[in-house]
Structures are given as structure tokens and as C-alpha cells.
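S.K.: Residue numbers (my numbering): 73 to 277. Think of the CB as a built atom: it goes at the ideal place given N, C-alpha and C, for glycine as much as any other residue.
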């Protein structure tokens with residue numbers, strides 16, 4: 073939807089202001105899946121995680137081949153279903169399936185479905201999960217458990233008290249697809265500070 077796109081553009085503007093090149097990947101329009109159609113069924117959501125993961129690595133490879141991009145500093149950020157894709161992309165087994173290429177330098181997942189991550193995940197990329205305490209669509213508890221059992225790269229989970237699914241979008245708290253969603257400006261601002269610090273720390277290593 074337009075408000076989801078607006079939220080993504082806001083994140084991109086924050087990144088560009090800090091000197092990053094930001095690319096918003098549209099996996100839906102050419103597949104005739106735009107307009108929230110993916111949220112209509114679990115089957116659509118499952119399928120989307122598959123093709124969006126392939127899209128994410130295709131874009132990573134494209135960016136890494138550009139002369140104005142440091143191939144060791146390509147990051148991934150995703151929301152909701154895209155956040156689940158981010159979890160998948162952070163795992164070592166996924167990187168190996170994608171031709172054994174370089175992993176993302178760091179991955180940020182906003183309110184993902186934590187079941188997308190293995191129970192004892194081996195991570196190839198550092199992972200930051202930004203969850204919402206009152207998320208009744210994809211509760212963050214599973215990510216908290218998995219972070220304690222993760223190996224490989226570091227995994228951090230930040231859960232925002234009182235926040236709902238889609239807390240980083242410019243929308244009022246409301247019901248959507250049978251769940252409560254809505255923006256939380258304070259959580260949004262803090263989440264941006266956190267992912268910028270996360271990226272900066274990785275680049276400084």
C-alpha cells in the first residue's frame with residue numbers, strides 16, 4: 073500500500089542522509105502481487121518469502137558489482153514479510169544456497185515472523201530484530217528465544233513496549249487483516265537510531 077511505501081521511503085531517506093545508497097526492492101508489482109494481496113493467505117506469504125529471498129540476493133550481487141559500492145558493506149533491511157526474508161537471508165545455509173556468495177554485511181528485520189529462522193540458527197550475517205510487544209500477528213518471543221541459541225554472527229532483539237505490528241509506518245493504530253497495526257513515532261525514531269548505529273559499528277570493524 074502507499075503507506076507501506078511511504079514508510080520505506082522514510083527509512084531510505086534516513087540512510088541516504090547518512091551517506092548510504094538505498095534501494096527499495098519491489099518484488100510484488102511485476103508478479104501481480106501488489107496492493108496487500110500477499111497478506112491474504114499463509115500460502116501467499118510462504119511463497120513470497122521464497123522469491124523475495126532470491127530477489128534480495130540478486131540485488132546484493134548487483135550492488136556489489138557497482139564501482140561506487142563497497143561490496144563488503146551491503147546491508148539488508150526488511151519489514152513484516154520482508155523482515156522474515158531478512159531472517160532467512162541472515163542464515164548461513166541460505167547464503168550457501170545462493171551460490172556460496174558473500175553474505176550481507178548486516179541484516180535488520182522489523183517485526184518478522186520468527187518461525188522463518190531455524191530453532192538453533194547459524195548466522196552468516198549479524199542480525200538486528202526490531203519487534204513490537206503488542207504484535208498480535210507475529211509476536212517477537214520466538215526471536216528472543218532464537219537469539220539465545222544462535223551461533224555464528226551476533227543476533228540482537230529489541231522489543232518496543234506498547235508497540236504494534238507496523239510500528240514504523242505513518243498510520244494510526246487500527247485493525248487490518250484481523251490484527252492490530254499502527255505507527256509508534258517514538259519506537260520508530262529509536263529503531264532508526266539503532267539500525268544506523270548497527271550499520272556503523274559493522275563498517276568500523
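If you measure between the beta carbons of residue 205 and residue 233, is that distance less than 9 angstroms?
M.R.: Taking 9 angstroms as the Cβ cut-off, residue 205 and residue 233 qualify as a contacting pair.
S.K.: Distance, Cα to Cα, residue 153 vs residue 242?
M.R.: Using only the alpha carbons, I get a separation of about 18 angstroms.
S.K.: Could you round the C-beta distance between residue 225 and residue 197 to whole angstroms and report it? I think they count as a contact, below 8 angstroms.
M.R.: About 6 angstroms separates the two Cβ atoms, so the contact holds.
S.K.: For residue 191, count neighbouring Cβ atoms within 10 angstroms of its own Cβ and tell me buried if that reaches 16, exposed if not.
M.R.: That one is exposed.
S.K.: Excluding five sequence neighbours on each side, which residues of the same chain lie with their C-beta closer than 6 angstroms to the C-beta of residue 158?
M.R.: Around residue 158: 148, 150, 179 and 181.
S.K.: Along the chain, where does the beta strand (DSSP E) containing residue 228 start, and where does it finish?
M.R.: Counting along the chain, the beta strand (DSSP E) containing residue 228 begins and ends at 227-232.
S.K.: Just the C-alpha distance for residue 236 and residue 211, rounded to the nearest angstrom, thanks.
M.R.: If you take the alpha carbons of residue 236 and residue 211, they lie about 9 angstroms apart.
S.K.: Using the rule of at least 16 other Cβ atoms within 10 Å of the residue's Cβ for burial, across every protein chain shown, is residue 161 buried or exposed?
M.R.: Buried, by the Cβ-count rule.
S.K.: What whole-angstrom Cβ distance do residue 166 and residue 125 have, given they're in contact under 8 angstroms?
M.R.: Correct: roughly 7 angstroms between the Cβ atoms.
S.K.: Excluding the 5 residues flanking residue 221 on each side, which residues of the same chain have their C-beta closer than 8 angstroms to its C-beta?
M.R.: Cβ within range, chain order: 191, 192 and 193.
S.K.: Any idea which residues DSSP pairs residue 253 with across the strands?
M.R.: DSSP, once it has assigned bridges, lists 237 and 246 as partnering residue 253.
S.K.: Residue 271: which of 92, 248, 78 and 79 sits nearest, CA to CA?
M.R.: Ranking the options by Cα distance to residue 271, first place goes to 92.
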